[in-house]
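Some notes on the structure that comes next.
There are 2 protein chains.
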Amino acid sequence: MPASPAAPGSTALGEPRSDAGRRRAGRPVGGVLDKAGITAAALKLIEKKGYDGLTMAALARSLNVAPSALYNHMESKRDVLLLVEDHLAALVDVSAFGAEPWEEAVRKWAWSYRDVFSRHTPLIPVIAVLPVTDAPQTLAMYETVSAGFRDAGFPEERIVSSIVALESFIFGSAYDVTAPADIFDSGSMAEATPSFTGAVRSLAAQGHERPADVAFSLGLEALIAGLGALRGA
Amino acid sequence: MPASPAAPGSTALGEPRSDAGRRRAGRPVGGVLDKAGITAAALKLIEKKGYDGLTMAALARSLNVAPSALYNHMESKRDVLLLVEDHLAALVDVSAFGAEPWEEAVRKWAWSYRDVFSRHTPLIPVIAVLPVTDAPQTLAMYETVSAGFRDAGFPEERIVSSIVALESFIFGSAYDVTAPADIFDSGSMAEATPSFTGAVRSLAAQGHERPADVAFSLGLEALIAGLGALRGA
DNA sequence: TCTCGTAAATGAATGGCATTCATTTAGTGG
DNA sequence: CCACTAAATGAATGCCATTCATTTACGAGA
Chain A
201 MPASPAAPGS TALGEPRSDA GRRRAGRPVG GVLDKAGITA AALKLIEKKG
251 YDGLTMAALA RSLNVAPSAL YNHMESKRDV LLLVEDHLAA LVDVSAFGAE
301 PWEEAVRKWA WSYRDVFSRH TPLIPVIAVL PVTDAPQTLA MYETVSAGFR
351 DAGFPEERIV SSIVALESFI FGSAYDVTAP ADIFDSGSMA EATPSFTGAV
401 RSLAAQGHER PADVAFSLGL EALIAGLGAL RGA
Chain B
201 MPASPAAPGS TALGEPRSDA GRRRAGRPVG GVLDKAGITA AALKLIEKKG
251 YDGLTMAALA RSLNVAPSAL YNHMESKRDV LLLVEDHLAA LVDVSAFGAE
301 PWEEAVRKWA WSYRDVFSRH TPLIPVIAVL PVTDAPQTLA MYETVSAGFR
351 DAGFPEERIV SSIVALESFI FGSAYDVTAP ADIFDSGSMA EATPSFTGAV
401 RSLAAQGHER PADVAFSLGL EALIAGLGAL RGA
């Protein structure tokens, strides 16, 4: 474990090569550029500037290092995204599996999963195609969830498909959270689309603060009920 | 229903024909650079080179035009993607609404929707945040589907949320189709994740040709059953 | 104590990208 | 025939990820 948490301040790299006198500075400061350090810097950058601000140059700058230095530790920017993804996977709440009934455990897991990634939707295309081998925390999440399904009485050959179905719904719903409020405004086509326009108005009249939550709850409860019926079959 | 199958494809697309002496002089060739022409060229490019090959430069080249010329017709590359998205929306099969029972109509719509966009996953982040105003064919799809839900007895204020829930599942599942076969290979962590590894093996032993279809079917049937129960409530 | 191998950092390319802009072109309506 | 305007041009601009030859500094072995 090389990484001490922060301890970055002292270094001030970027020494000119000549001037051999004060060589204190250029040395490999323990662990700022290891995976934990890169992940932490990337997360801080994302938080402050969003995913558009997450460039290799900006990441390097936040680590007081030249952009090319990052490539001694990562093969590509995708690796940085993987690191971030795996970090986030550890934030998903799986604690209810083994402690509460299956339905409630799935419910808590799904809401938590959606909430975490709704703030990181640019990662979704990455996750969806990500071999779990490269993401230990993500794999750990799957293990806990799988065990929960098995213990709830799911036939083994249906467990993965059920989880995938839930995950697909969760990823799609994460996008939904970020959609603008007026996404369903049919504008000038309103008269040409009476059923849809009416349905949109009728939903709006309900005055929900977060319409995305209504759809998510509706779909999630349907999935829990439908998938739950597979137990013991 | 405005959902006519194809766009007004009247204009001959940007075939590489004008190679004759008129290198100079961008005379306004009638309609090659209108929305239909741009859409057709973009689709052809995507088909041949994938979304990585869809650059403004390549698109312009396939239309025998300078890249900057595109900006007389579109504000940004995003507009090109919107055009493509809306074209694809017209390919989604909504014909069963009004002709078959609600369950079967939803089933056909959902499979078709997923199949179309599983070949165009880079559009998903665009669609998910796309105001429908800018996409008439997409809006037409929503109108048909909404009418189908209304006629099936759904309370008006639940229609949009139900569609959104289904769509979220569809988008997530579209990614799933593109995932590599070995995505769940837990590699060196296999012994540390017995439940998950066992579940993966057990699914693999079933020998499904398209595992993504199993998960999609499972989730879709659960959603149809769960959402269907809202009718008349 | 010296020397050398190596891991890690440097900065200067490279090539690709979307987008902008001043300018030019060619049809069209008066 | 002229003026207006829509549309095309190509030469920037600025940003980006990534590569590479070179340099630096530490530590292991002599």
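In the order they appear, the protein sequences are chains A and B.
For the first sequence, this note's numbering gives the first residue as 201, with consecutive numbering after it.
For the second sequence, this note's numbering gives the first residue as 201, with consecutive numbering after it.
All C-beta atoms, glycine included, are put in the ideal place defined by N, C-alpha and C.
Can you tell me the Cα-Cα spacing of residue i and residue j, whole angstroms?
i: A/G402; j: B/A412; result: Before going on, a small fix: residue 402 of chain A reads as Ser here, not Gly. For A/S402 and B/A412, the distance between alpha carbons rounds to 35 Å.
i: B/S373; j: A/A310; result: 16 Å
i: B/V280; j: A/L330; result: 28 Å
i: B/R319; j: B/F371; result: 11 Å
i: A/T344; j: B/L430; result: 33 Å
i: A/G432; j: A/G348; result: 14 Å
i: B/M389; j: B/G407; result: 23 Å
i: A/A340; j: B/S386; result: 10 Å
i: B/K235; j: A/T321; result: 30 Å
i: A/L323; j: B/A260; result: 30 Å
i: A/K249; j: A/A240; result: 14 Å
i: B/V229; j: B/G237; result: With a pLDDT of 38 at B/V229, under the threshold of 50, the modelled position of that residue is not reliable, and the figure given next carries that caveat. Computed Cα separation, rounded: 11 Å.
i: B/E247; j: B/E391; result: 42 Å
i: B/D382; j: A/R350; result: 22 Å
i: A/L254; j: A/K244; result: 10 Å
i: B/S276; j: A/D252; result: 17 Å
i: B/G353; j: B/F297; result: 13 Å
i: B/E409; j: B/V316; result: 19 Å
i: A/Y313; j: A/R307; result: 10 Å
i: B/T338; j: B/A289; result: 5 Å
i: B/T397; j: A/A335; result: 15 Å
i: A/T333; j: A/M274; result: 16 Å
Taking residue i as the query, report the chain A residues whose CB atoms sit under 8 Å from its CB, ordered along the chain.
i: B/D385; result: P331, V332, T333
Anything in chain B within Cβ reach of residue i, meaning under 7 Å, just list it in chain order.
i: A/P267; result: Per Cβ cutoff of 7 Å: no residues; A/P267 is ~22 Å from chain B at best.
Name the chain A residues that come within less than 7 Å of residue i, Cβ to Cβ?
i: B/V364; result: D376, A415
i: B/V360; result: F384, A399, V400, L403
i: B/E356; result: G398, A399, S402
i: B/A328; result: Y375, D376, A379
So for residue i, helix, strand or coil by DSSP?
i: B/F297; result: strand
i: A/G398; result: helix
i: A/T333; result: helix
i: B/A365; result: helix
i: A/V292; result: coil
i: B/Y375; result: helix
i: A/A266; result: coil
i: A/S346; result: helix
i: B/L423; result: helix
i: A/E275; result: coil
i: A/G428; result: helix
i: B/R319; result: coil
i: B/H408; result: coil
i: B/P355; result: coil
i: A/T239; result: helix
i: B/I383; result: coil
i: B/G253; result: helix
i: B/G221; result: For B/G221, the pLDDT reaches just 27, beneath the cut-off of 50, and the residue's location in the model is therefore unreliable, although a value from the coordinates is still provided. B/G221 falls in the coil class under three-state DSSP.
i: B/D234; result: coil
i: A/T338; result: helix
Looking at chain B, is there any beta carbon in it that lies within less than 8 Å of the beta carbon of residue i?
i: A/L259; result: no
i: A/R431; result: no
i: A/S346; result: yes
i: A/P301; result: no
i: A/G426; result: yes
Using 8 Å as the limit for Cβ to Cβ distance, is residue i near chain A?
i: B/G398; result: yes
i: B/T255; result: no
i: B/S395; result: yes
i: B/L151; result: The requested residue 151 of chain B does not occur in the structure, where chain B is confined to residues 201 to 433.
i: B/R142; result: The shown model of chain B, from 201 to 433, leaves out residue 142 of chain B, and the question about it has no answer.
i: B/P208; result: Residue placement at B/P208 is poorly supported in this model, since its pLDDT is 30, which falls under 50; the coordinates still yield a value, given next. No, no contact with chain A.
i: B/L270; result: no
i: B/R223; result: Note on B/R223: pLDDT 30, under 50, position unreliable in the model; the coordinate value appears next. Judged by the 8 Å Cβ criterion, B/R223 is not in contact with chain A.
Can you pull the chain B residues whose beta carbon is under 9 Å from the beta carbon of residue i, in chain order?
i: A/F369; result: A365, S368, F369, G372, S373, G419, L423
Residue i versus chain A: which residues are under 9 Å apart at the beta carbon?
i: B/R389; result: The sequence given here has Met at residue 389 of chain B, not Arg. Correct list: V332, T333, P336, L339, A340, E343.
i: B/T239; result: Under the 9 Å cutoff, chain A gives no residues; its nearest Cβ is about 19 Å from B/T239.
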